[in-house]
Amino acid sequence: MSNASPAVVTESAYLTLHYRLAGADGTDIVTTFGTNPATLMLGQGQLAPFLEERLLGMAEGEHKTFTLSAAEGFGERNPELIQWVSRQTLEENSVPDADYKAGDLVDFAAPGGGRFAGMLREMGEDAALFDFNHPLAGQDLQFEVKLISVL
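Everything in the sequence shown is counted per my numbering, starting at 1 for the first residue and increasing by one.
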């Protein structure tokens, strides 16, 4: 009989776990429950930092559910991130001649070679209205974790 304590999650731990991110109403956004567990290393950007933070200190074998406010998750919605983009800018920085419709997530080239995305809200004659908030901004979330192993 062993008196060894279970392994605990540290900032650079290698983990095997099941996880579920859901809206406040319980609707799944992403889940590994019912499929293969995820294997990941903390600190590598495989999970959002605010999710990794909830795992720190958990012991191997634990199963927990956390409630995250919008501010703790993807932040509150920022009205300044709802902006009009000229048709010319849209054509020059996204897929040329694409037939975008309201609700489409459009990928843009950013200065310096990066990428960013915005949700098309309205298409006008000369410009389009985009919401550049994260799609989960302003939403409370549930994060469920079943920690299978910690290395």
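Each residue gets a CB set at the ideal place from its N, CA and C atoms; glycine is no exception.
Quick check on the DSSP output: the beta strand (DSSP E) that includes T67 runs from which residue to which?
It spans 63-68 - the beta strand (DSSP E) in which T67 sits, taken as one unbroken run.
Work out the CA separation of L105 and R77 for me, nearest whole Å.
17 Å
Relative to the alpha-carbon of L114, which residue among L120, N133, I148, S94 has its alpha-carbon at the smallest distance?
The sequence as given places Gly at residue 114; Leu does not occur at that position. The option with the nearest alpha carbon to G114 is S94.
What whole-angstrom Cβ distance do T67 and D131 have, given they're in contact under 8 Å?
Contact doesn't hold; Cβ gap of about 25 Å is too wide.
Hey, how far is the Cα of A22 from the Cα of G75?
15 Å
Is it true that the CB of H18 sits closer than 9 Å to the CB of P6?
no
Delimiting residues of the beta strand (DSSP E) encompassing Q88
Looking at the DSSP string, Q88 is not in any beta strand (DSSP E); the run it does join, the alpha helix (DSSP H), is 87-93.
Minimum C-alpha distance to P111 - residue among D126, D28, A98, T89
T89
With DSSP as the reference, label G113 as helix, strand or coil.
DSSP places G113 in helix when its eight states are reduced to three.
In angstroms with no decimal places, state the Cα-to-Cα distance between M41 and L47.
Distance between the alpha carbons of M41 and L47: 9 Å.
Closer than 8 Å by C-beta to T32: which residues in its own chain qualify, once you throw out the five before and the five after it? Chain order, please.
Annotation for T32: L17, H18, Y19, R20, A38 place their beta carbon closer than 8 Å to its own, counting only its chain and skipping 5 residues before and after.
Mind checking which residues open and close the beta strand (DSSP E) that includes L141?
141-150
So, with DSSP's three-state summary, where would you put E80?
helix
Have a look at F108 and L120 and give me their C-alpha separation to the nearest angstrom.
Each residue's Cα considered, the two are about 12 Å apart.
Which same chain residues, not among the five before or five after L81, have their C-beta less than 7 Å away from its C-beta?
D131, F132, N133
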